[in-house]
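Taking the UniProt record's numbering, I'd label the letters of the sequence shown as residues 1 to 82. From the three backbone atoms N, C-alpha and C, an ideal C-beta is built for every residue, glycine too. Keep in mind the model is a prediction, meaning the values are calculated, not measured. Notes for the one structure printed next.
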Amino acid sequence: MYPHLQTSANNKPTQDSITAFEDFIRRYAINKTFATKLRGLRGYEIAFICDDSGSMKNPMVPRHSSGRNQEATTRWEELKKI
C-alpha cells in the first residue's frame, strides 16, 4: 500500500530504515523497553482515531460488573491505557 515504507522483500529492515528508527528513538528520547515494543510494530499500518466529543468524559459501564461499588472510568481513561 505504501511502497516507500516497505522493507526489503524478505521483510528484513534495510540499513536506512534501521538508522532512521534509531534517529527517531534518540530524537524523542524513547526508552529502550518502549523502543523494542515500537520495533515490533514494523510492517503494520498504524491508524490513530481521535475522538474529542463530550461523550469521552462519560463513565463506562464495566463489562464484568461484580456488583461492587466501583467507580466507572471514563472512555478517555480507558483509551489512555491502550
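Let me check understanding here. Comparing Cα to Cα, which of Leu79, Phe34, Arg42, Tyr28 lies closest to Thr14?
Measuring from the Cα of Thr14, the nearest candidate turns out to be Arg42.
Look up Pro59 in the DSSP assignment and give the residues it is bridged to.
Answer is Thr74.
The alpha helix (DSSP H) with residue 88 in it runs from where to where?
For residue 88 there is no data in the structure shown, the boundaries of the chain being 1 and 82.
Would you mind stating whether Ala72 and Met56 have Cβ atoms separated by less than 7 angstroms?
Their beta carbons are not under 7 angstroms apart, which means Ala72 does not touch Met56 by this criterion.
Over what stretch of residues does the alpha helix (DSSP H) that includes Leu41 continue unbroken?
Unbroken run through Leu41: none, as it is neither H nor E.
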